[in-house]
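Let me begin by presenting the structure, written as structure tokens, before commenting on it.
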Amino acid sequence: MEIFWLLLIAAIGFFIYTVKKERKYELQQKQYDGSTQQLQKKLEEAADNIVAMIDERNDQLAFLIVEADAKISQLEEKILQFSKLRETELVHPTVQEEMLLPTIESTESDESDEDFLSGKGQKEQVLLLRSRGETINEIVKKVGLEETAVKLIIEMNK
Numbered sequence: 001m002e003i004f005w006l007l008l009i010a011a012i013g014f015f016i017y018t019v020k021k022e023r024k025y026e027l028q029q030k031q032y033d034g035s036t037q038q039l040q041k042k043l044e045e046a047a048d049n050i051v052a053m054i055d056e057r058n059d060q061l062a063f064l065i066v067e068a069d070a071k072i073s074q075l076e077e078k079i080l081q082f083s084k085l086r087e088t089e090l091v092h093p094t095v096q097e098e099m100l101l102p103t104i105e106s107t108e109s110d111e112s113d114e115d116f117l118s119g120k121g122q123k124e125q126v127l128l129l130r131s132r133g134e135t136i137n138e139i140v141k142k143v144g145l146e147e148t149a150v151k152l153i154i155e156m157n158k
């Protein structure tokens, strides 16, 4: 009879051990499931953040493209204006000589630069100031044109 009780206690002990082991396994499984769900949630949040950053960068790039297109249009318009100006210079060289005559006469007088330059076109002002030995930066300040425009006028008249 003692063996029966011993076997019964051993069977109950084995059963309790198996049940505890099973519960421990189920608990670990639940923890893994919870961890997996947390990981999935964090990955989804990270993906959403990345998509939001990409959308923001895309918007910035679209804005920069629009700005670049506008600047390209402005530059094309300036190039067209300068080519028309150059065309009129080539067609009417006598007009250019007539414009230079008053320039020579006024440089001989004692008038100040402001008085002299006020009656001239910007192109003539640039050429006059350059012939006087003024630097490009000084010409830009006096005439009020951009540096590239001044350089272009000087280059076109070489």
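Using this note's numbering, you'd call the opening residue of the sequence shown number 1 and step up by one each time.
Glycine included, every Cβ here is placed at the ideal spot set by N, Cα and C.
Nothing here was measured: the structure is a model prediction, and the numbers come from that model.
(request) Provide the residue span of the alpha helix (DSSP H) that contains Asn157, from first to last. (result) Looking at the DSSP string, Asn157 is not in any alpha helix (DSSP H), and its letter there is neither H nor E.
(message) Tell me the DSSP secondary structure of Leu43 in three-state form.
(response) The answer is helix: DSSP assigns Leu43 an H, G or I state.
(request) Indicate whether Leu129 and Ile139 have their beta-carbon atoms separated by less than 8 Å. (result) A contact, by the Cβ cut-off of 8 Å.
(request) Using beta-carbon positions only, say whether Glu147 and Ile154 come within less than 8 Å of one another. (result) No. Outside cutoff.
(message) Quick check on Leu127: buried or exposed, where buried means 16 or more other Cβ atoms within 10 Å of its Cβ?
(response) Taking a 10 Å sphere around the C-beta of Leu127, we find 16 or more other C-beta atoms and assign the residue as buried.
(request) May I ask which residues mark the beginning and end of the alpha helix (DSSP H) holding Glu124? (result) 122–131
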